[in-house]
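Student: Sharing a structure below in structure tokens format, with a few things to ask.
Residue numbers (full-length UniProt numbering): 1 to 268.
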């Protein structure tokens, strides 16, 4: 079974001492390709640099964008910088961008402005979008609807929402990213029931490492940090709650991710 991790925060400082070893463990675990998440323009530059430095086998790709937590950094020059990043072959999507009305680390008007302008760049360059949303689905949908016809695709990363929200995302022809949240017996139960309702061709898997260590993982790492090598546990839980074979889920989610991000098939 070969998996594609569509969201790993490889630039996170906790990974700095052992990024090569971490990637080796991921490849050994069957994670064939990874998409490194960019969360600010500087972080997106760093993500691109890691892809170029650590991979010569078409395994690592990245996104470029400004997370809603960093939206206050978005300014008149940001769109041009983003366009420059998107000209790089390793950069496959705009994001992580969106709205977060849960923590409000950036003022909501600035979040909305940064999101709208990133969607405009994605529309102009015909790039897919990697979306973050927390407690903001109504406003996010309202903004996204104006751009959706001009976007090739968009994925709501780390989906944890309710049934109504899922249906509205699917009605807008969005993709859905599932993380280790589904492995959590405390707060993941609603998602365990909903995951079977995500159509094939719209479902992708992600670690969101170093966050969201699957609670069902055994044995648990002593450091308590998630990493892409644990993505097979997310696969196991998704397959269990969809009533599908693990190999089948691995195949259709990886095919979906490859099509969404335009990832090449690797020569074995």
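Where a beta carbon is used, it is the ideal one built from N, C-alpha and C, also for glycine. Predicted, not measured: the structure shown is a model, and the values here were computed from it.
If you follow the beta strand (DSSP E) that residue 178 is in, where does it begin and where does it stop?
Tutor: Position 178 of the chain shown holds residue 178. It spans 175-178 - the beta strand (DSSP E) in which residue 178 sits, taken as one unbroken run.
Student: Starting from residue 114, trace the alpha helix (DSSP H) both ways and give me its first and last residue.
Tutor: The residue given as residue 114 occupies position 114 in the chain shown. Per DSSP, residue 114 belongs to the alpha helix (DSSP H) from 108-125.
Student: For the region 184-214, which segments carrying the beta strand (DSSP E) assignment without a break, of at least 3 residues, lie completely within its bounds, in sequence order?
Tutor: Whole beta strand (DSSP E) segments, 3+ residues: 203-205.
Student: One question on the structure: do residue 147 and residue 119 come within less than 8 angstroms of each other, judged by their Cβ atoms?
Tutor: Reading the chain shown from its first residue, position 147 is the one you call residue 147. Reading the chain shown from its first residue, position 119 is the one you call residue 119. Cβ distance < 8 angstroms, so residue 147 and residue 119 count as in contact.
Student: Based on Cα-Cα distance, which residue from 139, 61, 245 lies nearest to residue 165?
Tutor: Translated into positions along the chain shown, residue 165 becomes position 165. For the residues 139, 61, 245, the minimum Cα distance to residue 165 belongs to 139.
Student: Check the C-beta distance from residue 12 over to residue 67 and give it rounded, since I have them as a contact under 8 angstroms.
Tutor: Here the question's residue 12 lines up with position 12 in the chain shown. Here the question's residue 67 lines up with position 67 in the chain shown. Incorrect: roughly 13 angstroms between the Cβ atoms, too far for contact.
Student: Which word fits residue 33, buried or exposed, when buried means at least 16 other C-beta atoms lie within 10 angstroms of its C-beta?
Tutor: Residue mapping note: residue 33 aligns to position 33 of the chain shown, counting from 1. By the 10 Å Cβ count, residue 33 comes out buried.
Student: Contact between the region 52-70 and the region 17-33 is defined here as three or more beta-carbon pairs at a separation below 8 angstroms; is this criterion met?
Tutor: yes
Student: Just to confirm my understanding: we take residue 90, look at its own chain, exclude 5 residues before and 5 after, and list those with CB closer than 8 angstroms. What are they?
Tutor: For the purposes of this step, residue 90 is taken as residue 90 along the chain shown, with counting starting at 1. Taken in chain order, the residues that qualify are 48, 51, 52, 60, 61, 62.
Student: Quick one: what does DSSP say residue 33 is sitting in, helix, strand or coil?
Tutor: Sequence index remark: in the chain shown, residue 33 carries index 33 (1-based). DSSP places residue 33 in strand when its eight states are reduced to three.
Student: Go through its chain and collect everything with a Cβ distance to residue 264's Cβ below 6 angstroms, but skip five positions before and after it.
Tutor: Looking up residue 264 in the chain shown gives position 264. Within the same chain, residue 264 has close Cβ partners 58.
Student: What residues match up with residue 134 in a beta bridge as DSSP calls it?
Tutor: As a working note, residue 134 is residue 134 in the chain shown. Beta-bridge pairing links residue 134 to 100.
Student: What would DSSP say about residue 261, mapped onto helix, strand or coil?
Tutor: Your numbering for residue 261 matches position 261 in the chain shown. The answer is helix: DSSP assigns residue 261 an H, G or I state.
Student: Report the partner residues of residue 62 according to the DSSP bridge assignment.
Tutor: Within the chain shown, the letter at position 62 stands for residue 62. Per DSSP, 36, 91.
Student: Which of helix, strand or coil does DSSP assign to residue 154?
Tutor: Here residue 154 corresponds to residue number 154 of the chain shown, with the count starting at 1. Note: residue 154 maps to strand in three-state DSSP.
Student: Compare the beta carbon distance of residue 245 and residue 215 with 8 angstroms and say whether it is the shorter of the two.
Tutor: For the purposes of this step, residue 245 is taken as residue 245 along the chain shown, with counting starting at 1. For the purposes of this step, residue 215 is taken as residue 215 along the chain shown, with counting starting at 1. Their beta carbons are not under 8 angstroms apart, which means residue 245 does not touch residue 215 by this criterion.
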